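Written out below as structure tokens is the structure these notes cover.
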Amino acid sequence: MNLPGLRVALRVANPVRRQGLAAMLEAAGHLITDDAPDVVLCDLAAGSVPVGEAEAPVLALADSLPDDPVAGVVPRATPAAQLDAALRAVVAGLIVRAPGFESRAGFNVAEDAPALTPREVEILTLVGQGLTNKAIARRLGISVHTVKFHLEAMFLKLDATSRAEAIAKGLRGGVIEL
248 MNLPGLRVAL RVANPVRRQG LAAMLEAAGH LITDDAPDVV LCDLAAGSVP
298 VGEAEAPVLA LADSLPDDPV AGVVPRATPA AQLDAALRAV VAGLIVRAPG
348 FESRAGFNVA EDAPALTPRE VEILTLVGQG LTNKAIARRL GISVHTVKFH
398 LEAMFLKLDA TSRAEAIAKG LRGGVIEL
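Structural data, given as structure tokens:
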């Protein structure tokens, strides 16, 4: 399945790094532009300019969580496939935070986030990875019926009506990370 390319504005101070990122993004089918971008990709190398205001959601490439509020932050060494997924998630309105970045600056877990059991979090994470109920059951060594039971409980706790909505709410609430 080929996804349509995004219009990406690059904010990168180092010209060599900018050229490398542009080549990576263009290879993924994205268009580099400053005219009405879908997303802004900002490289926050040491000593770089703060993010500031942007005309679209900002995904930051950083070694630590930036002070500026951004829609997403991933390590500067993120591979192309993960960068593509992070860009698409930010454009879809999700908050992206790579594991290892501490919560602050817009990434705080919602105080009213539902308390899912560890098994429910595990199942929701696997659902987010695109696994079917049957595949989840096999991976966890439980029955498909048990998977469905946990999904129903999660849907109630998250007030979700679909798998996609449950994943989105889990990501936004900081309950799961993909």
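Okay, so the sequence shown: first residue is 248 according to my numbering, each after it adds one.
No residue lacks a Cβ here, since even glycine has one placed at the ideal position from N, Cα and C.
Just so we're clear, the structure is a prediction, and the values are computed from it rather than from any experiment.
Strand pairing of residue i, partner residues [DSSP]
i, result
"Asp290", "Leu308"
"Leu278", "Arg254"
"Pro322", "Ala309"
"Arg344", "Val320"
Under the three-state DSSP convention, the category residue i falls into
i, result
"Arg254", "strand"
"Val422", "coil"
"Gly377", "coil"
"Leu371", "helix"
"Glu399", "helix"
"Gly417", "helix"
"Pro284", "coil"
"Asp331", "helix"
"Ile383", "helix"
Whether residue i touches residue j by CB criterion (8 angstroms)
i, j, result
"Leu306", "Ala318", "yes"
"Val368", "Val287", "no"
"Ala303", "Ala256", "yes"
"Leu341", "Leu418", "yes"
"Val394", "Ile414", "no"
Same chain only: Cβ atoms within 8 angstroms of residue i, ignoring 5 sequence neighbours per side
i, result
"Leu250", "Gly276, Arg335"
Neighbour-count burial assignment, residue i, 16 or more Cβ in a 10 Å radius
i, result
"His392", "exposed"
"Arg344", "buried"
"Asp310", "exposed"
"Leu272", "buried"
"Val263", "exposed"
Contacts around residue i, its chain only, beta-carbon distance under 6 angstroms, and the 5 residues preceding and following it disregarded
i, result
"Lys416", "Leu405, Ala407"
"Leu373", "Ile383"
Residues near residue i by beta carbon distance below 7 angstroms, same chain, minus five either side
i, result
"Pro346", "Glu424"
"Ala283", "Arg254"
"Val259", "Arg265, Leu268, Asp290"
Residue i: CB within 7 angstroms of a non-hydrogen atom of the ligand SAM
i, result
"Val368", "Among the components of this structure there are no ligands whatsoever, and the ligand SAM is therefore not found."
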